[in-house]
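Counting in my numbering, the final residue of the sequence shown is number 1383, and the numbers go up one at a time with none missing. No residue lacks a Cβ here, since even glycine has one placed at the ideal position from N, Cα and C. Since the structure is predicted, the reported quantities are computational estimates derived from the model, not experimental observations. Have a look at the structure below, then the notes.
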Amino acid sequence: MGKKVIAIDGPAGAGKSTTAKLVARKLGFLYLDTGAMYRALTLKALECGLDVNDEKELKKLAQKSVISFENKNGQNRIRLDGRDVTERIREPDVDRNVSYVSMHKGVRAILVAMQKRIGEENDLVAEGRDTTTVVFPHAFKIYLDADLTERAKRRFLELKEKGIKTTLEEQIKEISKRDKLDREREASPLLQDKDAVVLDTTHLTIEQQVDRVIQLFLEKVKSSDLKGR
Ligand code: DC
């Protein structure tokens, strides 16, 4: 029987990661963080001393890498060739290089194939730019959105909590710059998929956001069950 896939997309600061993680936990699905996979490969490339612009070598590296996810005590962990790299892939050297690694079409093709395979074996909630279009075109798709100022406010509070100094104005500038880059980039730009259910989260708490996604998904499952009879 086919596995169930919920794919979440949307602009920066709309709460994709938090929502995807919590929806997965509540439904008992795997949380597939595709960005973490590009990060893991970037880490390996850096450790091997590869040039992040060398597509041919990066493809070879991707082909011989094993990237997997596991749920440990309710926490989502990522392994690279068996090694737990969950925290390591969030460090600045990976941050700085991951967009170069993820730009190469050949590299993307290999990682997308890995993601599809994971989706064949698990019910999952997938998050990442191309998950609604390229990786899981038949998924139940949610596009999370929110006003620019609200998204900037969330990012500002998140950073403040981490002790990072910034202002709301700075975050508004930052997020609108990212919106523009995300929408205009050539490979897998940010697009609102025509099948996606759009959820405006401007006035929702994270709990309401999570419950709403689950409710929409269950309604969809129910209606397609009925249609199938
Ligand atoms: O979401 P994140 O910051 O962990 O993503 C890391 C990088 O990978 C970021 O540059 C976007 C890219 N990415 C991508 O190109 N395709 C995906 N499906 C997920 C992430």
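Looking at residue j and residue i, is the spacing between their C-beta atoms short of 8 Å?
| i | j | result |
| --- | --- | --- |
| G1164 | Y1297 | yes |
| L1197 | V1248 | yes |
| V1255 | L1195 | yes |
| V1177 | V1364 | yes |
| A1293 | A1161 | yes |
| R1366 | L1353 | yes |
| K1295 | D1235 | no |
| L1204 | L1215 | yes |
By the three-class DSSP mapping on this structure, what secondary structure does residue i have?
| i | result |
| --- | --- |
| Q1369 | helix |
| V1239 | coil |
| A1263 | helix |
| V1159 | strand |
| K1319 | coil |
| K1348 | coil |
| A1168 | coil |
| T1196 | helix |
| D1359 | With the sequence shown as reference, residue 1359 is identified as Thr, and Asp is not the correct amino acid for it. T1359 falls in the coil class under three-state DSSP. |
| G1273 | helix |
At which residues does the beta strand (DSSP E) containing residue i begin and terminate?
| i | result |
| --- | --- |
| N1227 | Careful: N1227 lies outside any beta strand (DSSP E) and carries neither H nor E. |
| D1299 | 1294-1299 |
| L1353 | 1351-1354 |
| D1205 | Unbroken run through D1205: none, as it is neither H nor E. |
Quickly, what does DSSP pair residue i with across the bridge? List them, please.
| i | result |
| --- | --- |
| L1176 | None; L1176 has no bridge partner. |
| D1187 | E1281 |
| I1232 | F1223 |
Using the Cα positions of residue i and residue j, report the straight-line distance between them to the nearest angstrom.
| i | j | result |
| --- | --- | --- |
| L1344 | R1283 | 6 Å |
| D1333 | E1209 | 26 Å |
| P1246 | V1289 | 27 Å |
| F1223 | Q1269 | 11 Å |
| E1324 | A1166 | 15 Å |
| T1355 | V1159 | 21 Å |
| N1227 | V1220 | 22 Å |
| K1319 | S1330 | 19 Å |
| R1244 | R1271 | 25 Å |
| A1280 | S1171 | 9 Å |
| M1191 | D1238 | 12 Å |
| N1251 | A1199 | 10 Å |
| F1183 | D1277 | 5 Å |
| H1357 | T1303 | 12 Å |
| N1207 | R1262 | 14 Å |
| K1157 | S1378 | 14 Å |
Which residue comes first and which comes last in the alpha helix (DSSP H) that contains residue i?
| i | result |
| --- | --- |
| I1326 | 1322-1338 |
| V1248 | 1246-1255 |
| T1385 | Since the first residue of the chain shown is 1155 and the last is 1383, residue 1385 is not available in this structure. |
| Q1217 | 1209-1217 |
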